[in-house]
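Quick look at the structure:
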């Protein structure tokens, strides 16, 4: 860690620093800093007042707080870390490289260290890793007025004061959650417990996944949810703004997985070339190897292909339709399961619904297919042979069967994954397409054998 | 509208009603009601106290508030509507059928009617349609103490009191936004303006899309954002819990579009059969018609296909790999653009990055392809002919070219859509696959002609 503070700040730097000093909203500073390289970011941060620099580091929008802390003089870094909220400090240490990491860890003040250890002990994306330990709690023996006085005193150092947690004075177990809006309208002389609206506060365990926390916060319209351990002690809170970031990150992860790759975990423009290849090549190879089964299927039917070469013309068309209907059904069901609209036990209800839907959609495409062949044949664009009517019929029947299979398979896949304890969102469009491609080919040739036996085949 | 209140409540109903009366959290009541039919929901609602029934109807989680209001006796419905927040009332009237709709509209009290008209005049999913008109505003001439007293008086009737809007006493234009946490720690005798942290409050226009509102709320960690008209009057506020619901809904919409269909706008388990077919058949037909170009391409190359039938075996394999890499690139870029990581002007930077990525991924698959052919050929699983080495080389070259094209086309599609003023999220995996399928076939046969000219072709 070099001492950047001693370097002269040249004009170009001063410009960005000036702009930063002139900005009201810390989120705007962060946006500007994200466009600079780490050295530049560090130089700006060094010249910001402590309180402001802490605010900058506390913003989840900051691309790489770990690298930024590494680039700061150690003393300054320690001072800023002590002021940051515990979930952010944990994020910094989670991504920091080792020489400066252990160095800083050792010199951290005991209070920051304790809450850091707590947060770091929980898995990534769990309630425990998202929580901040800066919340307001008061003993149940206090009055409303005492509580409000306490809130006024600690306001500056707490991430939110809109939810106050009332603890048993002896055991320190959580008794109630009280909203600030109830406190300021309650009788000041009454017990703080009178301001509680609900008997039992909504809580999460530290190991709960961020998706679960998001569901609770969204369902009960909470501004924060307390994280409690087995003995009912509040170890932290997850606030609504952390959850918004988590929902957005979850959306990105799901979108990337549905696109047929591993989730990047990093912004597109900062991830390295080989890291990107690694995230994409894995699934691409798995899909390629699975799709090789299509070559095997074609080899199996190579006699039929020789006899009725006209059938090959429609292979991509028929196959892709199955993949498309499967992709629709999968995306529908992934979301329906994620939102809790459909439960695992409803799988047969969904199957009963996708069956007629698939038949209907397949029939629509079948009609289009027959029209195409008829028009091309009668208009003389292409000659599909003397049995073109039977070929058209084959295409229509195969399309109906394959689209039905695609809808069914696509809708059942998320259930199957959930049943196996996997994330239903791991079902990707390319994966469904591959699944349906191979089966689709077999269906296509089987239908053709059935219909064209004795004529073309 | 029949008077359900006069019907006898039988035992089964009483059970659900009893359960509902015993539940603390209104979100739990809503969850239970969503599983009942509308008649049952109405019966329960009739027996809940007014305040509780209003809370139920105010929950965005309630599946069909419009049908529920329709099923209530008119007088009760009017009473409940008057108590509901304006964004919820607007939602009810947006989805209500006409005989009861105009009936209720006419008999609505003037205050509810005015705020309803305001919200209904804005497009669906805009800030104006999401906003509630129940917010706290005070003139800038007031002190902190006066403001707090006012908040205490109106607390019950406001959706949030955590943000207070300070208006010019004469023009009623928005001057500042003040957070409750600053108010309760400020000097009670000082002007309310002293509690404002920022010079210029963050605001949105009523026509802003919900995505834009979500970005603001998430960037600046707001609990609510004021919606102001051109003359800088606050016409409502959008609260963070509405925005969480909006982000989740946006995620569903994007996932369904990426799956290759129109967004459902309704839960999977409540949408009707034909409505579902309509949402899915449109894109399926468009994709089918586009994919017909593959048949045309194959017809164009039918001479080559006759001469080198071995090439047909690998058509699905080669084509699908292009689609898969395209789907990866599209999902990556849709998210990167949505999150603002990548701007429209960065398209060439992305292209320069996807080009080597595509070549590298394609080469990896190419090696796998050559391995497969070599193993099958030498182990005697299948005979690809005397020129099997050249065929393998063709497959490898075609894969590299097609995967590169897929990555490029897939990554550029979201930019092209954005450039045309369309939502980049309209690019779907099946659409990209279709695009790449057709081009992929042409690439495949061109590469084959180049390599196999004089031997197989």
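Protein chains in written order, with full-length UniProt numbering: chain A, 1 to 457; chain B, 1 to 457.
Ideal Cβ positions, reconstructed from N, Cα and C, are used throughout, including at glycine.
Remember, it's a predicted structure, so these values are computed and weren't measured experimentally.
Since I believe residue 148/A is in contact with residue 176/A (beta carbons under 8 Å), could you give me their beta-carbon distance rounded to a whole number of angstroms? Residue 176/A to residue 148/A, Cβ: 16 Å. No contact.
Which complete beta strand (DSSP E) runs does the stretch 57 to 144 of chain B hold, if anything under 3 residues is left out? 136 to 139
Alpha-carbon spacing of residue 434/A relative to residue 184/A, whole angstroms: 60 Å
Rounded to whole angstroms, what's the CA-CA distance from residue 270/B to residue 53/B? Just pull it up for me. 23 Å
Where do the ends of the alpha helix (DSSP H) carrying residue 257/A lie? 240 to 258
Let me make sure I understand the geometry here. Which of 85/B, 272/B, 59/B, 167/B has the alpha-carbon closest to that of residue 191/B? 167/B
Can you look up residue 174/B in the DSSP assignment and give me helix, strand or coil? strand
Coil, strand or helix - residue 380/B by DSSP: coil
Give the DSSP bridge partners of residue 286/B, in chain order. Per DSSP, none; premise fails for residue 286/B.
In terms of residues, what are the limits of the beta strand (DSSP E) holding residue 392/B? That residue, residue 392/B, is in no beta strand (DSSP E); its alpha helix (DSSP H) goes 388 to 419.
Looking at chain A, is there any beta carbon in it that lies within less than 7 Å of the beta carbon of residue 284/B? yes
Nearest-angstrom Cα separation, counted from residue 130/B out to residue 117/B: 13 Å
Would residue 214/A and residue 247/A qualify as a contact pair, given that the criterion is a beta-carbon distance under 7 Å? yes
Looking at the structure shown, is residue 162/B part of a helix, part of a strand, or coil, going by DSSP? coil
Cut-off 6 Å between Cβ atoms - residues of its own chain near residue 82/B, not counting five sequence neighbours on either side: 109, 112
Could you name the residues of the same chain whose beta carbon sits closer than 6 Å to that of residue 377/B, not counting the 5 residues immediately before and after it, in chain order? 384, 388
Between which residues of its own chain and residue 337/A is the CB-CB distance below 7 Å, once the five residues before and five after are set aside? 414, 418, 424
Only counting the same chain, and skipping five residues up and downstream in sequence, which positions put a Cβ closer than 7 Å to that of residue 66/A? 92, 95, 96
Residue 229/B - DSSP class collapsed to helix/strand/coil: coil
Answer with yes or no whether the minimum CB distance from residue 335/B to chain A is below 7 Å. yes
Under 7 Å, Cβ to Cβ, is there at least one residue of chain B near residue 221/A? yes
For the stretch 432 to 449 of chain A and the stretch 294 to 314 of chain A, state whether three or more C-beta atom pairs, one from each stretch, are separated by less than 8 Å. yes
Check whether the Cβ of residue 201/B lies closer than 7 Å to any Cβ atom in chain A. no
Throw me the rounded Cβ distance for the residue 445/A and residue 291/A pair, which I believe falls under 8 Å. Not a contact, Cβ separation roughly 17 Å.
Backbone secondary structure at residue 167/A - three-state DSSP: strand
Would you kindly work out how many angstroms separate the C-alpha atoms of residue 63/B and residue 126/B, rounded to a whole number? 20 Å
How about residue 281/A: is its C-beta nearer than 7 Å to some C-beta of chain B? yes
Residues of chain A with CB closer than 8 Å to the CB of residue 521/B, please, in chain order. What the structure shows of chain B is the stretch from 1 to 457, and residue 521/B is not part of that stretch, so it cannot be assessed.
Could you spell out where the alpha helix (DSSP H) holding residue 444/A opens and where it closes? 429 to 452
Thinking C-alpha only, which one of 181/B, 180/B, 48/B, 355/B is nearest residue 523/A? What is shown of chain A runs 1 to 457, which leaves residue 523/A out entirely.
Inspect the beta-carbon positions of residue 164/B and residue 203/B and report whether they are closer than 7 Å. no
To the nearest angstrom, report how far apart residue 279/A and residue 339/B are at their CA atoms. 20 Å
Minimum C-alpha distance to residue 307/B - residue among 449/B, 56/B, 78/B, 426/B: 449/B
Rounded straight-line distance, which links the Cα of residue 61/A to that of residue 87/A: 14 Å
Evaluate the contact criterion for the stretch 306 to 322 of chain A versus the stretch 397 to 407 of chain A: three or more CB pairs, one atom per stretch, below 8 Å. yes
Assigned exposure category for residue 362/A - 16 Cβ within 10 Å defines buried: buried
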